[in-house]
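**Q** Chains as they are written, first to last, in the UniProt record's numbering: chain A, 1 to 422; chain B, 1 to 422; chain C, 1 to 422; chain D, 1 to 422. Would you mind keeping the following structure in view while I ask a few things?
Number of protein chains: 4
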Amino acid sequence: MHNLAMSEAARPLLEKVVRHIRENCDPALAEYERLGRNRQERFSFAPGQLEILDDLKVRAKSAGLWNFFLPDAETGEGLSNLDYAYIAFELGKNPLAQQSLNCSAPDTGNMEVLERVGTPEQKEKWLKPLLNGEIRSAFAMTEPDVASSDAKNISTSAVLENGEWVINGEKYFISGAGDPRCRIMIVMVKTSPDAEPFRQQSQILVPMDTPGVKVLGPMRVFGHDDAPHGHMHIVFDNARVPEQNILWGEGRGFEISQLRLGPGRIHHCMRSIGAAEKALDLMIHRGLSREAFGRKIIDLGKNMETVSRARIEIDAMRLLVLKAARAMDVLGNKEARIWVSKAKAMVPERCCRIIDDAMQMHGATGISQWTDLPEMYIRQRTLRFADGPDEVHHHVIARAERQAFESSNDRQAAVRNWTIRN
Amino acid sequence: MHNLAMSEAARPLLEKVVRHIRENCDPALAEYERLGRNRQERFSFAPGQLEILDDLKVRAKSAGLWNFFLPDAETGEGLSNLDYAYIAFELGKNPLAQQSLNCSAPDTGNMEVLERVGTPEQKEKWLKPLLNGEIRSAFAMTEPDVASSDAKNISTSAVLENGEWVINGEKYFISGAGDPRCRIMIVMVKTSPDAEPFRQQSQILVPMDTPGVKVLGPMRVFGHDDAPHGHMHIVFDNARVPEQNILWGEGRGFEISQLRLGPGRIHHCMRSIGAAEKALDLMIHRGLSREAFGRKIIDLGKNMETVSRARIEIDAMRLLVLKAARAMDVLGNKEARIWVSKAKAMVPERCCRIIDDAMQMHGATGISQWTDLPEMYIRQRTLRFADGPDEVHHHVIARAERQAFESSNDRQAAVRNWTIRN
Amino acid sequence: MHNLAMSEAARPLLEKVVRHIRENCDPALAEYERLGRNRQERFSFAPGQLEILDDLKVRAKSAGLWNFFLPDAETGEGLSNLDYAYIAFELGKNPLAQQSLNCSAPDTGNMEVLERVGTPEQKEKWLKPLLNGEIRSAFAMTEPDVASSDAKNISTSAVLENGEWVINGEKYFISGAGDPRCRIMIVMVKTSPDAEPFRQQSQILVPMDTPGVKVLGPMRVFGHDDAPHGHMHIVFDNARVPEQNILWGEGRGFEISQLRLGPGRIHHCMRSIGAAEKALDLMIHRGLSREAFGRKIIDLGKNMETVSRARIEIDAMRLLVLKAARAMDVLGNKEARIWVSKAKAMVPERCCRIIDDAMQMHGATGISQWTDLPEMYIRQRTLRFADGPDEVHHHVIARAERQAFESSNDRQAAVRNWTIRN
Amino acid sequence: MHNLAMSEAARPLLEKVVRHIRENCDPALAEYERLGRNRQERFSFAPGQLEILDDLKVRAKSAGLWNFFLPDAETGEGLSNLDYAYIAFELGKNPLAQQSLNCSAPDTGNMEVLERVGTPEQKEKWLKPLLNGEIRSAFAMTEPDVASSDAKNISTSAVLENGEWVINGEKYFISGAGDPRCRIMIVMVKTSPDAEPFRQQSQILVPMDTPGVKVLGPMRVFGHDDAPHGHMHIVFDNARVPEQNILWGEGRGFEISQLRLGPGRIHHCMRSIGAAEKALDLMIHRGLSREAFGRKIIDLGKNMETVSRARIEIDAMRLLVLKAARAMDVLGNKEARIWVSKAKAMVPERCCRIIDDAMQMHGATGISQWTDLPEMYIRQRTLRFADGPDEVHHHVIARAERQAFESSNDRQAAVRNWTIRN
């Protein structure tokens, strides 16, 4: 459990990824973003953008960097969560990196789910083109009218009629559903309202072009529609899909979530830390390159301490996330879920703070388009809600902690020894 | 100094402003913003927007709410800073309010400066149409290539040649310069590089259409160009203006800043607190209207304490800003500048936190277009740089504090009495 | 409500208090504390200490500084809470000041209660010697076996038998009960267990020498017994007092609390701020008097910002407490209780932080006997529990805030205007 | 570097330590502390205390738990820093544990130094009885009159005269020097004022009974003299020791510090975390055992989140300290010093906060003698100064970080790729 070292076997892969980002993604980023800013039509790519992405993909494939996140279909072997975490950290440093390697969210989670619980037909139809990077996908969970922090609230219904699931409801923040390449959604629905609370939900495949699927428009995050991929607001108005589109069977929605959420959260967290590391670099760079009142900015006031605190936080977060990844490898997703919650509750909140400190050290430039800090901040701020708001994870952790205390005679006895009167 | 009550005389004005916001601005806001989102061309108004603004102005004028921020030209009397602060608090609750009353930044500061130090010709040409709300104006201070926190760094030069000032340099974050109605800028320039440090700068009137004034484009704040008004990036390339466009004479740039910055900062701060108050309302409203895990959201976890802390912070900030306004009234801008710095260092930072807490209580909706919280957050975050970053104000305060200590025999004696060994 | 200025009438009193502290208390402090450190027997004064205190009292009386906190018995007039707050601020700067003026807690609260609701006999017997400074008193409220944050939990019982109240129960943290001069306690007891929740408690006068009152020993605060006054742990074992020792009648315990707690909390808070002000002085003094790495300590790292933040916090707290005092004067204790809770929830927590920052700037000396910072810290830390823990006050504030929101149609309407979807 | 697992070989030792603490130390603690509270004479043990300690030592020895922190004298092998860190964590949970195993500070550091650089005579005379637990020792470094954060300031002088070092100066916070068993001090002195800055200091052995060594009394920490061991204030007034008492030669004082400080800081940090873990247990225990307002205290307000945040912080700190220990094992003390500084800057500050939260959840009991929380708090607060204040460690970390940035072309290039304008 405490060996957090990357495996020797995975090390060359990490090095290839680092080289790919440095040699391919980093030089392409500025141009890709420049093109995007001039985009006229929102939910398509600007001319030239898709070519940049496709070129990066070709380079990645030719370097053997493709779908490495997936277990080998035949041997069942694959990258451990721990090894993947090291790679995800690097991916966090450049926003093009993930997609160029075909390992963007939510595709990775969707592919994993299809790989694990999909039928052969489902795999042929959706997994194959996803693995080839030909299409993209979405995951529709959150609903606007209920507190999404309590997943039992989910109310989009799916009713079986004549061999078809008839879906009605409303979802929002469906990330990636605006991408013109997006073809398929996995949708969390309530199929069994009379079952026990955690068996009422199912997950179901819904093609984007299904009649009755109405994309109302994007949810803007801090005012951004994040075109072309977007975070869409979708209504299901008697949308019908074949009975066999259900994944793994009725009532298994929560079980599937558990499959996908652990690794996804770890990936998110490690990318977040990669972003914080980048923010630290920007902070130091700025602090060294400007002067005021006769001294370098980094030498003014609390700035050196700000750098130190960022360094400490990043290192501590990194170790905690590696530990959570290791826990998933050793204990399995279910047993490791407290560790995942610890990472998820700790990381985005603190990355927000580090990026915010980096902004402050830049002066007004730090909130402008001349750095990527605002985008980085917004992304991290969003992650404090994605896959469960911080508060839910804190609750999970505290509940486990009190249960552990209650079931440990040793801890209780020690407390009694320590407390003269209680 | 400690009487922070609004004057009886000003009370009816406040009530009229409150009514104007409630009856006119609040109902217009949603439509104004909806129109803006669909704007095709960036730096113009969307069809219908200007009409909404003009209509609000007409209503304001007919209610006698026009240019009340200015001292009476003949009697010299006007609203005290303290009275104005109460009004600014209300203005912070609706982003249309200021403009509808012709008291938006930077116009107010510019009008005040013109009123106080402008020549009759300058007043006729620029102050009059500003007072009528026919044109708008900008204030060009910050430069991209130097640490703007140290105003002595400002390097845009103005050289007198043949009765004209020839201006060369680069400015950015020139708020309002994108507004199609903006006609005039006050520009901070270095005219006297050999004078003593605080006498090198001057302020000068530069019409927007002066040849050599090149608007490179907007600085985006968290990715937003804030069209139509924008925060422009401008190059002065041998821009020439008549000798008499200088304000108050060569080398008086810092003096003029002192005139404008005190009240401006107080207005900003009170509007910020008004925004925080609105965020608190939104927080409570959301907390009461959703349920999770069988309880209202406001009753979960730390949410009640978050509400309480927001309430306390808002009240404390409000009192501090009122005190700073009162200090300006009693002591004058110069003597009161420490109080202004206290307000400026305290308020935007904490308003950011309160708004951020409100976001968190909303779940993902809190960072979407379904509330104004993201815009509110961005505005407050920006204010941590505007008119001097937090760090500069903290430095000003601490320096004053140590000087006060050093010059007080009583305080030093008391410390000696308290410290057995020092 | 917003006029926070001290009355002209009270100003000479403030000046006299300041002079008394500077000329009498400050010079006496070091010697008083030195004597105390060498005390052999804990719950008595060290030889010489009482003489110092008595001498200070004589000086105070001769300066007309005696019992000024009380309303005039005949005219009913007295110092307003606002005026008193200004004085309390000064009292916070020297721990001998209060007692020398006969206005230490809990005597002030006890005297106020006796003055307001005592019978002529009760006044003659207990109020008179208290007013003369001949005896001291205690207030017994908190109990060790229940969560004292919920006052309804209080379980010490008083049962009427043959014209006597028979008291049984256990109290702790009874401040001042260790003082050899302490003669009388006001005890909160449950007399009417069947009444509605807020009518079950009464307050009752119990002489310290009543048989059945067993002082088990002091509660140590951070290990200190705070001799000679102490925070005693007391058991009531069939302690009997005459029927007429009840104050104001059965079931009025909470009403009496309301009388005393408002002003008491304000006094505590203002003294806390006075202590924070002193900590700021110490911080600056130390920062200016030592050097490291070639610079004054105050100029290293974040120290100047720490000074600034302390200054801002102190000023903001001061204004908030003055406002709470003013609210009590204008609205009465009951209506003003939210303001009192705001002060109480804000002040001790932040004073702890300021004092802690002052410690840090002193290096190890800051936690040693060479400054008073540790005592100051402990006192403030204790206040986060006294008269209700922070959490209870936050709850009171948030509850009031949500009720205010729920009952304001204007606020709700404005939120609806601002929220596109809710 | 990333394998943070305890070695298999050391695991049985850890288990024995855990058992020793649980079976021997925990049951003895309450009695030991009770005896100490009744101690009459300060700088001796209370009757019975030494017997408890000696009994624990006998039990430890018989379990093979003795001096395990030291490398084997013959093989040079010993416990790795990483393995020791796991054990130190457990030692932090009971204040008697360290001493019972003969591994208290500053003895461990002193023994390590003697083992590594002592002459055979020095070892025979001082190391042997220390290893046997017969005597104790002190380390005299900090001086009251200079900023100890800058070690170059140290000014106690040692001048060689007639084969003797004549020592003059003043030291304070000499921990353990009050223990009646303390016989020897290692003293940091300036021997070579004309050498380059880091070669001016030496360390020298000074027996406690040397004439001219005057113990002025204890420095009180938060008012506590921490008798019997104490933190003494000592004047060296022409104290003379033989020439050969110098350690490792003139001018090597800083080199010796480097030997001792790394491991010592790691041990401190791990014990701190052990204490925080204990505080978390106390917090949960209290939260579960009291009720207010109809709910368990742990279920009120932010308490569950407080528990969660404590859990996360403890786990993150633990991993960071293990990493630092591992870095010392792999890289050596010198290369690993940045990691040690990270641990030292992070841990005591956050442990203070966790313990403070635990106090708050206890109500007033939390600051009383009925829990050990106040002692725990004071210990952690002290550690924010010991072995360098937080600020010095932050400075070391930030300086290393900017140097790493400046010497990495890759990081600089990536920043340039990311920053459109700089």
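The C-beta atom is built at its ideal place from N, Cα and C for all residues, glycine as well.
1) With H, G and I counted as helix, E and B as strand and the rest as coil, what does DSSP make of Gln-403 (chain A)?
2) Within the region 108-137 of chain B, note down every full beta strand (DSSP E) run reaching 3 residues or more, in order along the chain.
3) Considering only the alpha carbon of each residue, which of D:Ser-80, D:Arg-22, D:His-20 lies closest to Ala-10 (chain D)?
4) Taking the straight line between their C-alpha atoms, what separation do you get for Leu-160 (chain C) and Gln-200 (chain C)?
5) Would you grab the beta carbon distance between Val-321 (chain D) and Ile-266 (chain D) for me? Rounded to a whole angstrom, and I think it's under 8 Å.
6) List the residues that DSSP assigns as beta-bridge partners of Gly-217 (chain B).
7) What span of residues does the beta strand (DSSP E) with Ser-202 (chain A) cover, start to end?
8) How is Phe-254 (chain C) classed by DSSP in three states: helix, strand or coil?
9) What residues are listed by DSSP as bridge partners for Lys-190 (chain D)?
10) Which partner residues does Phe-69 (chain A) have in the DSSP bridge list?
11) Does the separation of the CB atoms of His-393 (chain C) and Ala-345 (chain C) fall below 8 Å?
12) Assuming Gln-412 (chain D) and Ala-275 (chain D) form a contact by the criterion Cβ under 8 Å, report the distance between their Cβ atoms to the nearest whole angstrom.
13) Whose Cβ in chain A lies nearer than 7 Å to the Cβ of Phe-173 (chain B)?
14) The beta strand (DSSP E) that contains Glu-349 (chain C), what's its start and end?
15) Name the residues in the region 145-177 of chain C whose C-beta lies less than 8 Å from a C-beta of chain D; which are they?
16) Taking 6 Å as the limit between beta carbons, can you name the residues of its chain near His-395 (chain A), skipping five residues before and five after?
17) Answer with yes or no whether the minimum CB distance from Ile-68 (chain C) to chain D is below 8 Å.
18) Quick one: is Glu-121 (chain A) buried, meaning 16 or more other Cβ sit within 10 Å of its Cβ, or exposed?
19) For Lys-342 (chain C) versus Asp-315 (chain B), is the C-beta spacing smaller than 8 Å?
20) Could you please give the first and the last residue of the uninterrupted beta strand (DSSP E) stretch that includes Gly-36 (chain D)?
21) What are the partner residues of Glu-23 (chain D), as DSSP defines its beta bridges?
22) With respect to the alpha helix (DSSP H) encompassing Lys-302 (chain B), which residues constitute its N-terminal and C-terminal limits?
23) What residues of chain D sit near Phe-405 (chain A), judged by a beta carbon separation below 8 Å?
24) So with CB distances below 7 Å, who are the chain F contacts of Glu-291 (chain B)?
25) Please work out which residues of its chain come closer than 8 Å, Cβ to Cβ, to Ser-157 (chain B), disregarding the five sequence neighbours upstream and downstream, and give them in chain order.
26) Helix, strand or coil for Ala-239 (chain C), going by three-state DSSP, please let me know.
27) Would you report the Cα separation of Leu-56 (chain D) and Pro-144 (chain C), rounded to the nearest angstrom?
28) Does the beta carbon of Ser-257 (chain D) sit closer than 8 Å to a beta carbon anywhere in chain A?
29) Within 10 angstroms of the Cβ of Phe-198 (chain C), are there 16 or more other Cβ atoms? Answer buried if so, exposed if not.
30) Quick one: which chain B residues come within Cβ less than 8 Å of His-395 (chain C)?
31) Could you check where the alpha helix (DSSP H) with Val-166 (chain C) kicks off and where it finishes?
32) Straight-line CA distance for Ala-404 (chain C) to Ala-279 (chain B)?
33) How far does the alpha helix (DSSP H) with Pro-374 (chain C) in it extend, from its first residue to its last?
34) In chain D, what lies closer than 9 Å to Gly-223 (chain B) by C-beta?
35) Starting from residue 423 (chain C), follow its DSSP beta bridges and name the residues at the other end.
36) State the Cα-Cα distance for the pair Ala-358 (chain A) and Ser-175 (chain B), rounded to the nearest angstrom.
**A** Let me spell this out:
1) Of the three classes helix, strand and coil, the one that applies to Gln-403 (chain A) here is helix, per DSSP.
2) You should have found no qualifying run.
3) For Ala-10 (chain D), the closest alpha carbon among the candidates D:Ser-80, D:Arg-22, D:His-20 is that of D:Ser-80.
4) Rounded to whole angstroms, Leu-160 (chain C) to Gln-200 (chain C) spans 14 Å at the Cα level.
5) Going by Cβ atoms, the distance from Val-321 (chain D) to Ile-266 (chain D) rounds to 6 Å, so yes, they are a contact pair.
6) DSSP lists B:His-233 as the beta-bridge partner residues of Gly-217 (chain B).
7) It spans 201-207 - the beta strand (DSSP E) in which Ser-202 (chain A) sits, taken as one unbroken run.
8) Of the three classes helix, strand and coil, the one that applies to Phe-254 (chain C) here is helix, per DSSP.
9) Per DSSP, D:Ser-157, D:Gln-201.
10) Beta-bridge pairing links Phe-69 (chain A) to no other residue.
11) When the beta-carbon positions are compared, His-393 (chain C) and Ala-345 (chain C) come within less than 8 Å of each other.
12) In this structure Gln-412 (chain D) does not touch Ala-275 (chain D) by the C-beta definition: roughly 42 Å separates them, more than the 8 Å allowed.
13) Going along chain A in sequence order, the residues near Phe-173 (chain B) (Cβ under 7 Å) are Ala-364.
14) Glu-349 (chain C) -> not in any beta strand (DSSP E); alpha helix (DSSP H) instead, spanning 337-362.
15) Across the region 145-177 of chain C, CB contacts with chain D closer than 8 Å involve Val-146, Ala-147, Ser-148, Ser-149, Asp-150, Asn-153, Tyr-172, Phe-173, in sequence order along the chain.
16) Only residues of its own chain outside the window of five on either side were considered, and among them none has a CB closer than 6 Å to the CB of His-395 (chain A).
17) It is worth fixing the name first, because residue 68 (chain C) is Phe in this sequence and not Ile. Chain D contact via Cβ: absent.
18) Per the 10 Å Cβ criterion, exposed.
19) It is a contact, given that the beta carbons lie within the stated cut-off.
20) That residue, Gly-36 (chain D), is in no beta strand (DSSP E); its alpha helix (DSSP H) goes 26-37.
21) DSSP lists no partner for Glu-23 (chain D).
22) In this chain, Lys-302 (chain B) is not harboured by any alpha helix (DSSP H), its DSSP state being neither H nor E.
23) Those within 8 Å of Phe-405 (chain A) in chain D are Asp-281, Ile-284, His-285, Leu-288.
24) Of the chains in the structure shown, none is chain F; the protein chains are A, B, C and D.
25) When the five nearest sequence neighbours on each side are left out, the beta carbons in the same chain lying within less than 8 Å of the beta carbon of Ser-157 (chain B) are those of Ile-167, Asn-168, Gly-169, Val-189, Lys-190, Thr-191, Pro-193, in order along the chain.
26) Strand, per DSSP.
27) Straight-line Cα distance between these residues: approximately 33 Å.
28) Not one beta carbon of chain A lies nearer than 8 Å to the beta carbon of Ser-257 (chain D).
29) In this structure Phe-198 (chain C) is exposed. Its beta-carbon is surrounded by fewer than 16 other beta-carbon atoms within 10 angstroms.
30) Residues of chain B passing the Cβ test: Met-304, Glu-305, Ser-308.
31) No alpha helix (DSSP H) contains Val-166 (chain C), which is instead part of the beta strand (DSSP E) from 164-175.
32) Approximately 15 Å, taken between the alpha carbons.
33) 373-383 is the span of the alpha helix (DSSP H), which, as asked, contains Pro-374 (chain C).
34) Listed along chain D is no residue with a C-beta nearer than 9 Å to that of Gly-223 (chain B); the closest approach is about 13 Å.
35) Absent from the structure is residue 423 (chain C), since the part of chain C shown begins at 1 and ends at 422.
36) Cα-Cα distance, rounded: 23 Å.
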